[in-house]
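Residue numbers (this note's numbering), protein chains in the order written: chain A, 279 to 495; chain B, 4 to 332.
A virtual CB, placed ideally from N, CA and C, is assigned to each residue, including glycine.
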Amino acid sequence: MRREIPLLITGVVGVIFVLQYFIPHAPFNQFNNWFSDWFSIIGACAIWLGALNLIKISADKIYRKRADWGYSVIIILSFLLIVIIGSSSWTQFRDAGTGFDWLYTYVYSPLSATMFALLAFFVASASYRAFRARNLEATLLLLAAFFVMIGRVPVGDAIGGALGIPESFMPSKITIWIMSFINSAGQRAIMIGIALGIVSTSLRIILGIERSYLGGD
Amino acid sequence: MNRDFIIYSVTLAIILILYFLVPKPINFSPTVSSLIIALIGLALLYILFRTIMRQYVGRRVVFLFVGIAVVLPFFMNVKQPIRVSPEVQTVYDWVAQLERGSKILVSFDYDPASAPELQPMAESFFRLCLERDLKIIIMGLWPQGPQQAELALQIALQDPSVVAKNLRRHVDYVNLGFQTGNEFVIQRMGTSFKSMFTRDVSGIPYDSIPLLKDVSNFSNIDYSFNLSAGYPGTVEWVQVAVDRYGLKMGAGNTGVQATGMYPYLRSGQLKGLLGGLSGAAEFEKATNKVGTATFYMLPQSFSHVIVIAFIFIGNVAYFLGEKRKKGKE
Chain A
279 MRREIPLLIT GVVGVIFVLQ YFIPHAPFNQ FNNWFSDWFS IIGACAIWLG
329 ALNLIKISAD KIYRKRADWG YSVIIILSFL LIVIIGSSSW TQFRDAGTGF
379 DWLYTYVYSP LSATMFALLA FFVASASYRA FRARNLEATL LLLAAFFVMI
429 GRVPVGDAIG GALGIPESFM PSKITIWIMS FINSAGQRAI MIGIALGIVS
479 TSLRIILGIE RSYLGGD
Chain B
4 MNRDFIIYSV TLAIILILYF LVPKPINFSP TVSSLIIALI GLALLYILFR
54 TIMRQYVGRR VVFLFVGIAV VLPFFMNVKQ PIRVSPEVQT VYDWVAQLER
104 GSKILVSFDY DPASAPELQP MAESFFRLCL ERDLKIIIMG LWPQGPQQAE
154 LALQIALQDP SVVAKNLRRH VDYVNLGFQT GNEFVIQRMG TSFKSMFTRD
204 VSGIPYDSIP LLKDVSNFSN IDYSFNLSAG YPGTVEWVQV AVDRYGLKMG
254 AGNTGVQATG MYPYLRSGQL KGLLGGLSGA AEFEKATNKV GTATFYMLPQ
304 SFSHVIVIAF IFIGNVAYFL GEKRKKGKE
């Protein structure tokens, strides 16, 4: 029964979701609303579960003095700090001037942006070492990357203007052409492939053929 | 460990000394800016020369150049021509043609990591809407989204053209907050907004908010704008709200994500697209208000040129290596 009940729930919900798309009428639309509400409820519970799990794992790491346990202390302290300060302002915690807003603006935002900004350094280094014109395909990729990178910034057209390049062949125009035609064609092919994959995998899950999401062997 | 500690301490000390001793605002004159650009160019030529001499540079040198290319332009005084691309113009045209009092739904589906690209878009978009007396309904499918919206709102509301209007929360704009459930939230909003957002962020019940009096689902929204940095985001909005409920929607995406949106743009499912920081700068140009995106375009230009230069140097090194290999054979 531990496997049959989840399989049954998945199958019924899956079939109803497919039907309601084509028959947006009672009772299918009502089923759809119920399941959507349930999804939101489960999602909200999952956020709590995730937070509690993070605390449990971090506390366990500190208790057993595992490698880098000091970071876990920071995680728990930061978690408690933001929860306590956020709760102290109750529902107005997001308002300008609250402690939560201060922490969000001056601590959380700069830290997140810093982590993301580090990508620029790694992208530059990786491009320097890996972006090579080894064969025709790699050369085409390299040329496309060159035009998109230079065409996406104003300096591209400034250089183009200084070199006397005609208006139609300015880097920004070439970039728009690459993005609108070559890129769109490639993206469409990928999207169609992904969509077919999703349909076949969904059918396998709804019909109970694919059971890996249940876990176990 | 001790060596790292000394390096970090020295770096921090240098930053603090510069912060307290250098007069602010730091602004290089056009001559100094040109001189710095020439020096960077000469340094790159030197690296190219060393590469031809088979003395290759390591990644630390690349990091150093990217660091310089990102930091120094903030203090430079260089004007760049910004052209508005058709996809950005479309977003502007859609907002510009709306009548006063039209309702716009703006979904904030990103977190602070993507704020440098998306926050300037949000600020310009809000400013444009508020200037034109359009009503804004804010929501988020990412937990940090509504907070980012509040930050953008504060900037837009301080604009002199907006301050004069004396706009009020719940009458001219409202922030419904975050709701978990990803695309199911969008799907449920197709029949009822209230079922997903019973209260706004400040706890006011949906029915008590004057702005939402006649808003029950997507059919009451005149235009929608989605700021997205991943999942759930623009793709889910297009697949559910646009395709199924006929919502008119434009989008602002990170540069990485924007490439994937072009098929939706070409098919007409998206009514305009702002792609990355350049899209944000173009939108500022379209709205005739210079903002942070325009300012950030100079570091962006520099970093792109540096990356292109290093790709070129890397290929020179590669072809020299290949030539040497063939020579040995």
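Can you find a CB in chain B that lies within less than 9 Å of the CB of Asn331(A)?
no
Is any beta-carbon of chain A found at less than 9 Å from that of Arg130(B)?
Contact of Arg130(B) with chain A is not assigned, every C-beta pair being separated by 9 Å or more.
Terminal residues of the continuous beta strand (DSSP E) containing Val177(B)?
Going by DSSP, Val177(B) is part of the beta strand (DSSP E) stretching over Tyr176 to Phe181.
Going by Cα to Cα distance, which pick from Tyr226(B), Ala254(B) and Asp225(B) is closest to Glu239(B)?
Ala254(B)
My guess is that Val94(B) and Gly236(B) are in contact by the Cβ rule of under 8 Å, so how many angstroms apart are they, rounded?
Going by Cβ atoms, the distance from Val94(B) to Gly236(B) rounds to 16 Å, so no, they are not a contact pair.
Taking Cβ positions, are Val98(B) and Tyr299(B) nearer each other than 9 Å?
Pairing Val98(B) with Tyr299(B) gives a Cβ-Cβ distance that is not under 9 Å.
With a threshold of 8 Å, are at least 3 pairs of Cβ atoms found where one atom belongs to the region 262-277 of chain B and the other to the region 460-477 of chain A?
yes
Note down, in chain order, every chain A residue with its Cβ under 8 Å from the Cβ of Tyr265(B).
Met457, Ser458, Asn461, Ser462 and Gln465
For chain B, is any of its Cβ atoms less than 9 Å away from the one on Leu420(A)?
yes
Does Val433(A) have its Cβ less than 9 Å from a Cβ in chain B?
yes
Under a CB-based cut-off of 9 Å, is Arg135(B) close to chain A?
Not one chain A Cβ lies under 9 Å of Arg135(B).
Identify whether Ile224(B) lies in helix, strand or coil by the three-state DSSP scheme.
coil
Please state the DSSP three-state secondary structure of Ala254(B).
strand
Does the beta carbon of Ile353(A) come closer than 9 Å to any beta carbon on chain B?
Not one chain B Cβ lies under 9 Å of Ile353(A).
By alpha-carbon positions, which one of Ile43(B), Gly148(B) and Leu250(B) ends up nearest to Gly193(B)?
Leu250(B)
When the Cα of Lys334(A) is compared with those of Asp346(A), Ile353(A), Ile320(A) and Ile319(A), which residue comes out closest?
Ranked by Cα distance from Lys334(A), the options Asp346(A), Ile353(A), Ile320(A) and Ile319(A) are led by Ile353(A).
What did DSSP end up calling Leu47(B) once you bin it into helix, strand or coil?
helix
Please identify the residue among Leu121(B), Lys331(B) and Val310(B) whose C-alpha is closest to the C-alpha of Gly294(B).
Leu121(B)
How do the region 394-402 of chain A and the region 169-187 of chain B stand: do at least 3 beta-carbon pairs fall below 8 Å, yes or no?
no
Between Phe295(A) and Asn310(A), which are expected to be in contact by the criterion C-beta below 8 Å, what is the C-beta distance as a whole number of angstroms?
About 7 Å separates the two Cβ atoms, so the contact holds.
Mapping DSSP to helix, strand and coil, what is Arg482(A)?
helix
For a contact defined as C-beta to C-beta under 7 Å, what are the partners of Thr369(A) on chain B?
Ser205 and Gly206
Can a CB atom of chain A be found closer than 9 Å to the CB of Ser36(B)?
With 9 Å as the cut-off, Ser36(B) does not count as an interface residue toward chain A.
Does the region 410-417 of chain A touch the region 428-436 of chain A, meaning 3 or more C-beta pairs lie closer than 8 Å?
No contact exists between the region 428-436 of chain A and the region 410-417 of chain A.
Report buried or exposed for Glu186(B), applying the criterion of at least 16 other Cβ atoms within 10 angstroms of its Cβ.
buried
Starting from Met427(A), follow the alpha helix (DSSP H) in both directions and report where the run begins and ends.
Start and end: Leu414 to Gly429.
Report the rounded CA-to-CA distance for Phe305(B) versus Lys138(B), giving the unit in angstroms.
38 Å
Closest to Lys451(A) by CA distance: which of Gly471(A), Cys323(A) and Met427(A) is it?
Met427(A)
Residues in its own chain within less than 7 Å of Ile363(A) by CB, not counting five upstream and five downstream?
Correct list, in chain order: Gly377, Phe378 and Leu381.
Do Ile39(B) and Phe68(B) have their C-beta atoms within less than 9 Å of each other?
In this structure, Ile39(B) lies away from Phe68(B), with their beta-carbon atoms at least 9 Å apart.
Quick one, which residues of the region 42-60 of chain B are near chain A if we go by CB-CB under 7 Å, in chain order?
none
Can you check DSSP and say which residues form a bridge with Gly2(B)?
This structure cannot settle anything about residue 2(B), because the visible part of chain B is limited to 4 through 332.
Under a Cβ-count criterion, where at least 16 other Cβ atoms within 10 Å of its own Cβ denotes burial, should Pro28(B) be classed as buried or exposed?
exposed
Check the Cβ of Ser304(B) against every Cβ in chain A and list those closer than 7 Å, keeping chain order.
Val431, Pro432 and Val433
If you follow the alpha helix (DSSP H) that Val109(B) is part of, which residue opens it and which one closes it?
Segment Lys106 to Asp112 is the beta strand (DSSP E) holding Val109(B); no alpha helix (DSSP H) there.
Along chain A, which residues have their Cβ under 7 Å away from the Cβ of Val65(B)?
Ala402, Ser403 and Tyr406
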